[in-house]
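Have a look at the structure below, then the notes.
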Amino acid sequence: MSEAGYDLTGKAAAGYRVLARKYRPADFSALIGQEPMVRTFTNAFATGRIAQAWMLTGVRGVGKTTTARILARALNYRTADIDQPSVDLAVQGEHCRSIMEGRHVDVIEMDAASHTGIDDIRDIIERVRYAPVSARYKVYIIDEVHMLSTQAFNGLLKTLEEPPPHVKFIFATTEIRKVPITVLSRCQRFDLRRVDAGLLAGHLRKIAALESIAVDEAALAMIARAAEGSVRDALSILDQAIAHGGGAVTDEQVRTMLGLADRGRVVDLFEHLMRGDAGSALMEFRAQYDVGADPAAVLTDLAEFCHLVTRLRFVASAADDASLSEEERRRGAEFAASLSVRVLSRAWQMLLKGIPEVQAANRPVSAAEMVLIRIAHAADLPTLDEALKAIGDEPAPSGPVRPAGPARTPRSSGSDAVAAARALASEGGGQTMRLVGAGAVPAGAPTTALSLPEAVPDVPVASLEDIASLAEANRDGLFKAQLKSYVRLVRVEPGRLDVGLAGDAPKTLAGDLKARLESWTGRRWMVVLSREQGGQTLAEKEAARRESAFVDARNDPAVAAILARFPGSRIIDVRIPDATEASGDEPDLPPDRIPDDDDETDL
């Protein structure tokens, strides 16, 4: 039936079949990348602990439906020597061929995408009462089970929880979050993983050998990366590449077919960007675009290489990935040794922001070039920490002449701190910087105020009122409102604040409080969420003071007399007179407005 565990039964009758169908695994030995699941099935069948229902989940093309058919075959395995469920399917059994071809009467496959209603499930419920015709178990395989309606799921629950002993259910889905938890709790769940690119490349090499097709190693690596862990996608791309190349598969053909950039040229482009050579970078990008590379794909490859270089700084074994070319390994290691994590992180963030911009742009080429220009421009600018250090190391000016700052690169100067701050804040770096005070600015350039965080005075904080005052002074109204409503003070010490939070407080409030205290006071703070309840919130204190003022007003004899004199009247506000009113000074009135005895008094 099979060659190396693959389902080749229909080869002669069906003529040519695509590789994804021709090399569909026929037993567990041919499944790749799913060893934990296979081990679980093996142990369960060996001990007789066979579940009543399984839920198989994973991205497209990792083998969910194939696993379901193999599992149905294992449940109904019967040969002249073996008559029990088994995962050892080396010998073709009585029911194996018809099950793998999807035509066995006792193995019912249903696509939930086209059978979503309660009537379809009701039909299953009615038929599970009857014993299988010829097999040991009646197996229901429901693909894309998340497409079932709510009524259909509810109708299935009772049967799924207590099915007849001769019935097994196997569900497959790519959207596990859409499956009700009540259904999941009645199934054994298996998450089929994406297949590693190196393992997938080896699988493609094996199939190419079976097909007697010459395939370049670089082409296999490209196909494995493009498949993104999906075996079916990888086989479909390989099938297309064989047809495209007329029987032979080369890296150049695959690159042209998929619109990919040459990985070596991507590394060259990355080098131009890291040197800050925008002109060379644009020329290299245009050359790749002219031979068919998609602009968004070029930026995506750049992001992948940037990620590889960053990983190599911390995980040297990342270079052992079989899907990497020798040039990527060698030059990636060189970049990892010479570039700082801050520079790599900045390039990664700018690429991550630029890719969706290019995909959504009406002119992707122009958008991609602007992204590359931004990265090249920021490449030789100091990072945020370097800019702050450079400003801090500059001597204080002794006269009207502004000294030049320390040169970092040929185009760097004392004003690079300002340029770096603006670039970091605007180019997707997610970093902001406030610079006020003296700094090195070229003659004739607009003067920009610079300041260091060290210049922020150490503001004392002894109460929640002090923090509220800081929020008001910094015009942070939203944070002030959250502080007043949710924060209860337990204790406060220099650099440490113990608080309790109201039950409905935002989850990020403690972190926001720490960040703002450090920004506003110029010192490091530790904000601790205490188990103690703490005192009243500022809002509760204000409410208590207001209620006390109302009580005092009601008890005032003059106010009580007024309320008695005007039935139905009530106190709607209580105001404490300011210093001018308390001193007895008359407020200024317009010349034509002279108070008389009929004027009312506002209490």
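Sequential numbering from 96 applies to the sequence shown in the numbering used here. C-beta: ideal position from N, C-alpha, C; glycine also. Please read these numbers as outputs of a predicted model, since none were measured by experiment.
Please name the residue or residues paired with residue i in a DSSP beta bridge.
i: valine 622; result: Leu592
i: aspartate 238; result: Asp206 and Ala267
i: proline 601; result: Proline 601 is not bridged to any residue.
i: alanine 343; result: Ala309
Taking the alpha-carbon positions, what's the residue i to residue j distance?
i: tyrosine 581; j: alanine 563; result: 12 Å
i: alanine 376; j: threonine 616; result: 44 Å
i: threonine 137; j: glutamine 454; result: 46 Å
i: valine 438; j: leucine 447; result: 14 Å
i: aspartate 311; j: leucine 305; result: 15 Å
i: histidine 472; j: phenylalanine 365; result: 13 Å
i: alanine 600; j: valine 587; result: 20 Å
i: isoleucine 213; j: tryptophan 443; result: 49 Å
i: arginine 358; j: arginine 381; result: 15 Å
i: threonine 135; j: phenylalanine 123; result: 12 Å
i: leucine 287; j: arginine 119; result: 16 Å
i: alanine 413; j: asparagine 249; result: 47 Å
i: alanine 644; j: serine 664; result: 17 Å
i: alanine 462; j: valine 393; result: 12 Å
i: alanine 230; j: arginine 164; result: 14 Å
i: alanine 391; j: leucine 294; result: 27 Å
i: methionine 445; j: glycine 143; result: 55 Å
i: glutamate 464; j: alanine 474; result: 15 Å
i: glycine 630; j: alanine 655; result: 34 Å
i: phenylalanine 285; j: threonine 162; result: 11 Å
i: glutamate 695; j: valine 669; result: A caution first: glutamate 695 carries a pLDDT of 41, below 50, which makes its placement in the model unreliable, though a value can still be read off. When rounded, the distance between both Cα atoms is 17 Å.
i: leucine 170; j: alanine 343; result: 41 Å
i: arginine 272; j: proline 259; result: 28 Å
i: glycine 153; j: leucine 251; result: 22 Å
i: threonine 277; j: alanine 146; result: 17 Å
i: serine 435; j: isoleucine 470; result: 15 Å
i: valine 113; j: isoleucine 332; result: 11 Å
i: glycine 598; j: glutamine 628; result: 11 Å
i: leucine 573; j: lysine 636; result: 19 Å
i: glycine 340; j: glutamine 383; result: 21 Å
i: valine 361; j: proline 477; result: 24 Å
Can you tell me whether residue i is helix, strand or coil according to DSSP?
i: arginine 173; result: coil
i: proline 259; result: coil
i: threonine 151; result: One detail in the question is off: residue 151 reads as leucine in this sequence, not threonine. Here leucine 151 sits in strand by DSSP.
i: tyrosine 111; result: coil
i: lysine 233; result: strand
i: glutamine 283; result: strand
i: alanine 309; result: strand
i: leucine 584; result: strand
i: leucine 434; result: coil
i: glutamate 429; result: helix
i: asparagine 138; result: helix
i: glutamate 189; result: coil
i: serine 564; result: helix
i: proline 555; result: coil
i: phenylalanine 645; result: helix
Just checking: is the beta-carbon of residue i within a distance shorter than 9 Å of some beta-carbon in chain B?
i: alanine 373; result: Of the protein chains in the structure, only one exists, and it is not chain B.
Take residue i as the anchor and find which of the options has the nearest alpha-carbon.
i: leucine 151; options: Leu166, Ile145 and Arg381; result: Leu166
i: valine 623; options: Ala343, Ala638, Arg134 and Leu592; result: Leu592
i: alanine 704; options: Val362, Gln129 and His298; result: Outside the shown range of the chain, which is 96 to 698, sits residue 704, and nothing can be said about it.
i: aspartate 363; options: Arg426, Glu421 and Val404; result: Arg426
i: cysteine 282; options: Val274, Glu421 and Lys602; result: Val274
i: leucine 565; options: Arg583, Leu612, Gly606 and Ile194; result: Leu612
i: valine 404; options: Val466, Ala391, Gly387 and Glu422; result: Glu422
i: glutamine 577; options: Asp215, Arg618, Leu184 and Ala605; result: Ala605
i: valine 202; options: Val182, Ile265 and Arg217; result: Ile265
i: valine 157; options: Trp620, Thr269, Thr345 and Arg350; result: Thr269
i: valine 349; options: Lys253, Gln147, Ala313 and Gly324; result: Ala313
i: alanine 319; options: His241, Ala303 and Val290; result: Val290
i: alanine 296; options: Arg168, Arg327 and Ile470; result: Arg327
i: histidine 241; options: Asp218, Thr211 and Tyr235; result: Thr211
i: leucine 419; options: Leu596, Val200 and Met317; result: Met317
i: glutamate 239; options: Asp206, Arg217, Arg640 and Gly340; result: Asp206
i: arginine 155; options: Leu573, Arg618, Arg458 and Glu323; result: Glu323
i: methionine 715; options: Trp149, His190 and Thr345; result: The structure shown does not extend to residue 715, since the chain is modelled only from 96 through 698, so no value can be given for it.
i: methionine 555; options: Thr603, Pro652, Trp620 and Arg570; result: For the sequence presented, residue 555 should be read as proline rather than methionine. Looking at the Cα atoms, Trp620 is the closest of the given residues.
i: valine 466; options: Gly449, Arg458, Pro459 and Asn457; result: Gly449
Check your understanding: Is it a yes or a no for the segment 180 to 196 touching the segment 215 to 227, going by three-plus beta-carbon pairs under 8 Å?
Key -> no
**Study point:** Sufficient close CB pairs (3 or more, under 8 Å) joining the segment 334 to 342 to the segment 394 to 402
**Key:** no
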